[in-house]
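Numbering (my numbering), first residue to last: 13 to 148.
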Amino acid sequence: MKILLTGANGYIGKRLLPQLVQSGHEVWCCVREPQRFQVTESLRPHVHVLQVDFLNPGDVKFPEGMDAGYFLIHSMTGSKGGFQKLEEETATQFVRLANQASVKQIVYLGGLANSDVLSEHLKSRVAVEEVLKKAY
Numbered sequence: 013m014k015i016l017l018t019g020a021n022g023y024i025g026k027r028l029l030p031q032l033v034q035s036g037h038e039v040w041c042c043v044r045e046p047q048r049f050q051v052t053e054s055l056r057p058h059v060h061v062l063q064v065d066f067l068n069p070g071d072v073k074f075p076e077g078m079d080a081g082y083f084l085i086h087s088m089t090g091s092k093g094g095f096q097k098l099e100e101e102t103a104t105q106f107v108r109l110a111n112q113a114s115v116k117q118i119v120y121l122g123g124l125a126n127s128d129v130l131s132e133h134l135k136s137r138v139a140v141e142e143v144l145k146k147a148y
C-alpha cells in the first residue's frame, strides 16, 4: 500500500514508520523540516519526503493514489493562538489536500473522550476528529 504519514518526526510517527515499511508499504512522510528527518539506510528505499507545514501549506499537493493517510499532528503550542485552533487548522488543511489527492482512508490517533467534562487537550482532539470526518 501507499501510505501518507504526517507527524513523521513525532513520537508515534518515528515508531510507526519502521513498522509500515517492514509490513511492505511505501510511505510518504510529511515533515516541516526535512533536515530534521532521519531515516535509516534500510528504510530509505521505501520512504519519500514531502515538505509541508499544515499551517501554511502553500501549493503542496499529496501524491495521487494514497491508500491511507495517518494524521498524527499535534499543535500543543504556537504563536498564532491556542493549540485547539491550530490543531483544527492543520486538520482542515490535511482534509483539503487528502480530498484533492483522493486519499482512500484517514487514520487518526485521538483520545478517549467519554465525558462531558474534558481537558482542553481532549476537547481539541474531539474537534480535530470532527474536522477529519468531513473528508470525502
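We put the CB at the ideal spot given by N, CA and C, even for glycine.
| Query | Result |
| --- | --- |
| DSSP three-state call for Phe83: helix, strand or coil? | strand |
| Using the Cβ count rule (16 or more neighbours within 10 Å means buried), how would you classify Val27? | Looking at the sequence provided, one finds Arg at residue 27 rather than Val. The residue is exposed, with fewer than 16 neighbouring Cβ atoms inside 10 Å. |
| On the premise that Pro30 lies in contact with Leu55, defined as a C-beta separation below 8 Å, what is that separation, rounded to the nearest angstrom? | 6 Å |
| Consult DSSP for His37 and reduce its assignment to one of helix, strand or coil. | coil |
| Quick check on the DSSP output: the alpha helix (DSSP H) that includes Thr104 runs from which residue to which? | Phe95 to Ala113 |
| Return the CA-CA distance between Gln117 and Gly36, expressed in angstroms with no decimal places. | 18 Å |
| When the Cα atoms are used, what is the spatial distance from Arg48 to Thr18? | 14 Å |
| Compute the Euclidean distance between the alpha carbons of Leu84 and Lys14, then round it to the nearest angstrom. | 17 Å |
| Can you find the residues in the same chain that come closer than 7 Å, C-beta to C-beta, to Val107, ignoring five residues on each side of it along the sequence? | Val143, Leu144, Lys146 and Ala147 |
| Just the Cα atoms here: how many angstroms apart are Glu76 and Tyr82? | 15 Å |
| Please state whether DSSP places Val64 in a helix, a strand or coil. | coil |
| Buried or exposed, going by whether 16 or more other CB atoms sit within 10 Å of the CB of Val33? | buried |
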